[in-house]
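Beneath this line is the structure, given in structure tokens, with notes to follow.
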Amino acid sequence: MNRQRMQLLFSGIAVAAILVLAAYSCAPKAPSGRRAGAAVSDIAFAAQKTYVAPGDLDEYYMFASGGHSGQIYVYGIPSMRHLSTIPVYTPYPATGYGFDDETKAMLGGLTWGDVHHPSLSETKGDYDGRWLFVNDMNGRIARVDLRDFKTHQILGPIANVSGNHGSAFVTPNTEYAMMASRFSIPLPKGTPAPVDKYATDYKGVVAAIKIDPQNGQMSLGWEILMPPFDYDLGDAGKLASDGWMFWTSYNTERATGQLEVTASQRDRDYIAAVNWREAEKAIAAGKGDDLGGVKVLDPKKVPGIVYLMPCGKSPHGVDVSPDGKYIIGSGKLQGVTTVFNIEKILTAIRNRDFIGEEDGIPVLKYESIKDAEVPVGLGPLHTQFGPDGYAYTSLFVDSAIAKWKLGTWEVVDKVPMSYSIGHLCAAEGDTVSPDGKWLVGLNKLSHGRHLSVGPSQPESSQLVDISEEKMKLLYDAFTEPEPHYAQMIKADKLHPIEVYPKAENHNPLAIWDVKDAGMTRQGDQVLVKVAEVRSTIWPTAITVKRGDTVKVAITNIEQTTDELHGFGLLDYNINLVVDPGETKTVTFKADKPGVFPYYCTNFCSALHQEMQGYLVVNVQ
Ligand code: K7E
Ligand code: CUA
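For the record, in the sequence shown the residue sitting at position 317 is 317 according to my numbering, with numbers rising by one throughout.
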């Protein structure tokens with residue numbers, strides 16, 4: 001595209017953005033605080049649809065990314081009530097996460113992460129309710145166990161991956177969770193090279209993280225060396241496309257500098273199609289080279305594992321239809337989304353219908369592999385699916401969701417979003433059997449739709465009813481930054497525990513009788529076994545010497561739902577929360593002499609306030 005056309009396109013986008021801004025800044029508000037314009041019958045309909053009576057339960061869980069807050073937020077759908085925050089990459093004082101020895105070790109000294117894509121584990125392409133995997137930009141993937149809604153493992157930062165945005169998408173039987181580099185760098189990591197050598201000396205990788213089917217434990221599988229593009233989003237093939245993994249990429253110009261200009265020159269970028277089963281075989285056959293301690297396949301030497309599919313300029317999302325037949329990718333500056341057909345892709349590969357190559361990777365012919373360009377509207381980003389052959393595409397620039405039909409490619413409905421939607425999340429909307437019913441738009445702006453809270457405005461999530469032909473906007477909820485992706489699972493697929501059964505606590509430092517609480521010493525190493533039960537912290541006093549290393553192991557000996565106890569030791573910046581039946585440890589150097597109170601931070605009984613004791617640190 002030449003410069004003039006590009007400027008035209010950008011000014012078109014700017015005009016659209018101004019129109020959107022104008023539309024919402026002028027929207028009048030009724031004096032009651034209720035938005036004017038909505039008919040009472042619409043309000044009554046929406047209220048009835050979303051109302052979950054006191055004591056009643058929601059139908060779905062939605063697990064939403066917390067972006068650079070590093071957390072996962074759990075919502076009930078359709079009420080949109082925030083039920084829980086699952087800390088993953090950032091310490092979270094509310095649950096003591098990142099303060100005890102175990103979670104501190106898991107965080108490895110890093111105190112934030114940028115979470116984008118929660119990925120529920122799947123069996124035969126359907127959510128199975130076992131685990132939730134989630135990426136962090138800093139080359140990591142975490143596993144949350146849905147039995148207790150806690151983070152149990154953080155793997156990484158993984159070698160060679162830089163800027164792990166295209167992650168943590170799982171394959172249909174959770175064989176792998178995938179990763180991809182958004183920011184190509186010279187490899188192995190730690191090798192400096194000037195930025196002007198970007199096109200030749202910088203590389204991206206895609207990485208496959210192996211998942212143990214028994215316990216969800218992750219380990220590094222293998223990687224594939226990729227040209228220095230920015231790999232953005234991925235989705236695993238399923239059914240018709242099982243065994244394939246797709247990633248969008250931008251900056252196939254291999255440009256540096258002001259990327260909004262330099263990386264927008266070509267009319268087409270690529271979707272990389274990776275045959276992960278073939279890659280797995282190649283690794284087993286010893287075809288991987290060691291790079292940074294990882295087995296890495298080079299497509300130049302191992303043909304048949306990667307192909308490039310030309311796609312509209314600077315694509316963002318890529319989404320595979322429930323039957324696996326269609327791969328949908330959108331140039332994010334375009335007015336259409338492209339539908340590729342897996343049969344056509346496989347035929348083109350068989351016929352070697354290539355138009356060139358990039359670092360030894362064949363480039364397929366666009367016209368041979370596409371089925372349709374669907375005129376969804378401006379700025380298509382992400383697509384989700386319903387049970388009836390409908391697809392829902394978010395339109396960032398148009399600030400709307402388009403509903404369209406797979407196969408006929410007809411756009412049948414649009415609903416405006418307030419404002420600037422990124423991802424969207426339909427009920428089980430990226431499985432082999434989507435539920436329909438509910439769709440949540442995850443918007444980047446909320447301006448003017450909530451009581452003002454100053455410059456740091458919340459983001460907005462909007463609930464849309466997709467049970468009928470016409471989509472209906474039902475509800476606004478406001479979220480922490482940054483609502484990238486979310487997934488919605490039927491509530492009855494999860495069976496969380498509410499206490500940790502005593503029989504499962506194998507911590508050697510656990511005690512179950514207050515008589516066993518107390519202190520032992522070996523030189524300057526002090527071990528304190530603590531029992532917490534309504535409404536005492538046993539022992540009620542701990543006396544140590546300055547310079548001692550003190551390890552406190554706290555067991556909450558309750559087996560009653562909701563009876564959490566805390567352990568706050570203010571002056572030493574210690575904050576533990578121990579669930580019923582759980583044992584946690586914290587180790588610290590008693591370097592401040594004096595008397596320091598410790599107390600229970602979780603309101604647990606009428607005498608919660610009495611649940612306290614003293615740490616005495618003697619000078620000698
Ligand atoms: Cu579109 Cu990181 Cu998936 Cu944000 S990403 S929207
Ligand atoms: Cu235990 Cu408050």
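Ideal placement from N, C-alpha and C gives every residue a C-beta, glycine not left out.
Using only alpha-carbon positions, find the residue among the options that is nearest to residue i.
i      : options                        : result
Thr583 : Asp289, Leu132, Pro496, Tyr500 : Tyr500
Asp571 : Ala64, Leu615, Cys311, Glu175  : Leu615
Glu459 : Ala284, Glu610, Gly66, Ala199  : Gly66
Lys502 : Leu494, Asp492, Asp513, Lys493 : Asp513
Gln71  : Pro483, Lys104, Asn507, Cys600 : Pro483
Val320 : His506, Ser241, Gly581         : Ser241
Thr393 : Pro387, Ile401, Gly386         : Ile401
Gln525 : Asp548, Tyr127, Ser330, Ser368 : Asp548
Ile43  : Ala255, Ser535, Leu474, Ala517 : Leu474
Val170 : Arg268, Ile342, Arg130         : Arg130
Val261 : Val88, Leu333, Pro228, Cys311  : Leu333
Thr601 : Leu146, Ser535, Leu463, Glu278 : Ser535
Ala606 : Val533, Phe385, Asp430, Glu280 : Val533
Glu498 : Ile466, Thr540, Thr560         : Thr560
Phe588 : Tyr75, Val374, Asn573          : Asn573
Lys104 : Thr520, Gln153, Asp128         : Gln153
Say the cut is 6 Å; is the CB of residue i nearer than that to a heavy atom of the ligand K7E?
i      : result
Gly221 : no
His423 : yes
His68  : no
His506 : no
His495 : no
His82  : no
Tyr419 : no
Tyr485 : yes
His626 : Beyond the ends of the chain as shown, which are 1 and 620, falls residue 626; an answer cannot be given.
His450 : no
Given 6 Å as the limit, tell me if residue i has its C-beta closer than that to any heavy atom belonging to the ligand CUA.
i      : result
Met245 : no
Asn556 : no
Met178 : no
Cys600 : yes
His447 : no
His608 : yes
Cys311 : no
His565 : yes
Just list the residues that DSSP pairs residue i with in beta bridges.
i      : result
Arg140 : Asp136
Cys311 : Asp269
Lys238 : Answer is none; Lys238 lacks a bridge partner.
Arg81  : Gly76
Lys210 : Tyr176, Ser219
Cys425 : Val440
Glu122 : Tyr127
Ala391 : Phe385, Trp404
Asn573 : Partner(s): none; Asn573 has no beta bridge.
His506 : Bridge partners of His506: none, in fact.
Just to confirm before moving on: does the CB-CB distance between residue i and residue j stay below 7 Å?
i      : j      : result
Val144 : Leu132 : yes
Gly377 : Asp398 : yes
Pro186 : Asp201 : yes
Arg546 : Val440 : no
Val577 : Gly566 : yes
Met62  : Met417 : no
Met309 : Met245 : no
Val339 : Tyr326 : yes
Pro434 : Pro380 : no
Val296 : Thr248 : no
Gly324 : Gly237 : yes
Gly113 : Asn138 : yes
Val432 : Gly108 : no
Thr50  : Ser121 : no
Thr252 : Tyr270 : yes
Asn575 : Gly96  : yes
Lys281 : Gly360 : no
Consider the C-beta atom of residue i and the heavy atoms of the ligand MG; say whether any pair is separated by less than 6 Å.
i      : result
Met611 : Judged by which ligands are present, the ligand MG is missing from the structure shown, whose ligands are the ligand K7E and the ligand CUA.
List the whole-angstrom C-beta distance separating residue i from residue j, where the pair is believed to meet the contact cut-off of C-beta under 8 Å.
i      : j      : result
Lys210 : Tyr176 : 6 Å
Gln612 : Tyr598 : 7 Å
Lys313 : Arg266 : 7 Å
Ala159 : Gly293 : 6 Å
Leu442 : Ala486 : 6 Å
Val298 : Asn341 : Checking the sequence, you will find Asp at residue 298 rather than Val. No, Asp298 and Asn341 are not in contact; Cβ-Cβ is about 29 Å, not under 8 Å.
Val134 : Val88  : 6 Å
Asp430 : Gln462 : Not a contact, Cβ separation roughly 19 Å.
Val415 : Val464 : 6 Å
At the 7 Å Cβ level, is residue i part of the contact set with chain B, yes or no?
i      : result
Ser433 : This model lacks chain B altogether; it includes just one protein chain.
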